[in-house]
Every structure is written in C-alpha cells, then in structure tokens.
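A short worksheet on the structure shown next.
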Amino acid sequence: MASVNASIFSHFQLFLTKCVVFFTSPISLLFFGICAFVLLIKLISWRRNKKQKPPEMQLPRMKKRDMTMDELKKFDGTGQDGRICIAVNGKIFDVTQGKEFYGAGGPYSVFAGRDASRALSIFSVSKSAIKDDYDDLSDLTSAEMNRILEWELQLTEKYDQIGKLLRPGQEPGDYTDSEEEISEERKDDKLKSQ
Ligand code: HEM
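The sequence shown begins at 12 in the working numbering and counts up by one.
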C-alpha cells in the first residue's frame, strides 16, 4: 500500500515539475504575456467607450391628442426627437421606448408612424399589410379582430396611449381635462403658491 502511495506521489511530483517547466519556459511566458496585454487593451478600450457614450435622454411624456393618419406619419422616429407612435385598433401608442423594435433597422420598423392593426391581425411585417389611407378593418374576421385586441392589450400594458386615430372628417377629442393636464396644472399651482 505504502509503495502505491509513493508511486502516486512521485508521479504527481513529476507532473508538477513538468508544469513548472512548461509555464516558465520563455515561449509560454511570451504567449501569456501577449494574452494579458491584449486583454488589458480590450478592457481599457471598453471602459473608454462606456465613458464616451452619452446617457440616453428620456423624452417627456407626450400630451394626449388624437391624430389623423398624416399626423401619425410624422411620428415615425425620423423626427428630431426620434419619437415613435403606432396605432392599433384605433388607439395611438407612444412606443418610443421600444425603439429597438420600431426604430430604423428594427424588426417592426414598418409600423412606425402607421396603423399596425391589419399587419398584426395577420402576423405580418410586410408593407403590403399596412394601408396608406385610413383602414376601418371592417373586412377582418372575428379571429383577426381578436388578435388585434390581444396586441392592443399588450401595448397598453407597456406604453402610453396618446389618443385615437381619427377617421377622415372626424374631429379630435378635447383632452384639456385629462389627468395629465390636470396634474400639470396642479404642478403650476404648487409652484405659484411657493
Ligand atoms: C419568427 C418570428 C418572430 C419572432 C421570433 C419574434 C420574436 C419576438 C420577441 C422576442 C419579442 C420581444 C418580446 C419582449 O421582449 O417584450 C417580440 C415582440 C413583438 N413582436 Fe415579434 N417575433 C416574430 C414575428 C413577429 C411578427 C410577424 C410580428 C408582426 C405581426 C411581430 C410583432 C411583434 C410586436 C408588435 C412585438 C412587441 C414589441 C414591443 O414590445 O413593443 N413579431 N417578438
């Protein structure tokens, strides 16, 4: 038993010696030195990039308003502030915070500034599924309409609803008494009383 232990120990000692010889050989030291240098350079450039990236500015909340199709088109993310709105089931959502989805190069960029209802109802991101003129969706089946309702619910949970998409000739609603406006007024009153 003692001789077996001694043999294991001597093998282990030999292995250790070989490791030391290998890791301290000039070629190994050169290799590890290069690896460490490359890693260091990468770390420095990563930290520099992180510092240089300006913090993303969050846009202020949009005031509630109804929009025509033409007005909605202006919110396709190419404007100065990059605001993006989409309409689903006659409701307009500010989806700017989902710009990785709807912004240029995003998988759903075709929806930016448009009524996405029909496309969502048939699960398509093709431009042909999006109409330029007002779409009353009257030809859709109840299954397709249900799918739109599900999308509407999903968007309602994530984004602000700005207002309604106006049919041609429809007058915009008056939102001066909306909660946001009231809270703004309260803020103003508070400032005045200080
Ligand atoms: C193979 C096909 C698809 C895959 C793998 C896919 C995958 C995804 C994933 C991973 C998300 C993100 C979920 C989240 O993080 O909240 C998403 C969101 C979404 N997808 Fe798709 N998708 C596909 C096709 C489509 C199609 C065809 C449409 C258009 C009808 C679509 C419309 C959307 C929309 C509207 C969102 C919500 C984005 C948001 O949160 O604002 N997707 N999809």
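Note that CB positions come from ideal geometry on N, CA and C, so glycine has one too.
Computed from a predicted model, the values in this text were never measured in an experiment.
| Below 6 angstroms from a heavy atom of the ligand HEM - residues by beta-carbon | Qualifying residues come out as VAL106, GLY109, PHE112, TYR119, ALA130, LEU131, PHE134, SER135, VAL136 and LYS169.
| message | Within the continuous beta strand (DSSP E) that includes ASP105, where are the two ends? | response | That run of the beta strand (DSSP E) goes 102 to 105.
| Nearest neighbour of GLU111, chosen from GLY88, ALA98 and SER128 [CA to CA] | Out of GLY88, ALA98 and SER128, GLY88 has the C-alpha closest to the C-alpha of GLU111.
| query | Around the Cβ of PHE33, are there at least 16 other Cβ atoms within 10 angstroms (buried) or fewer (exposed)? | reply | Its Cβ having fewer than 16 others within 10 Å, PHE33 is exposed.
| request: May I ask you to verify whether the stretch 161 to 171 touches the stretch 140 to 151, counting CB pairs closer than 8 angstroms and requiring at least 3? | output: As far as the Cβ criterion goes, the stretch 161 to 171 does not touch the stretch 140 to 151, which means the pair count is below three.
| task | Alpha carbon to alpha carbon, how far is GLU155 from GLU82? Give it in angstroms, no decimals. | result | Computed Cα separation, rounded: 26 angstroms.
| Thinking C-alpha only, which one of TYR113, ASP77 and ALA127 is nearest VAL99? | Out of TYR113, ASP77 and ALA127, ALA127 has the C-alpha closest to the C-alpha of VAL99.
| said: Between which two residues does the alpha helix (DSSP H) holding ALA98 run? | reply: For ALA98, no alpha helix (DSSP H) run applies; the uninterrupted beta strand (DSSP E) run containing it begins and ends at 96 to 99, by DSSP.
| field | Residue burial classification, LEU226 (beta-carbon count within 10 angstroms, cutoff 16) | value | An answer regarding residue 226 cannot be provided, because it is not within the stretch 12 to 205 covered by the chain.
| field | Inter-residue spacing [alpha-carbon to alpha-carbon] between MET73 and ASP105 | value | Rounded to whole angstroms, the separation of the alpha carbons of ASP105 and MET73 is 8 angstroms.
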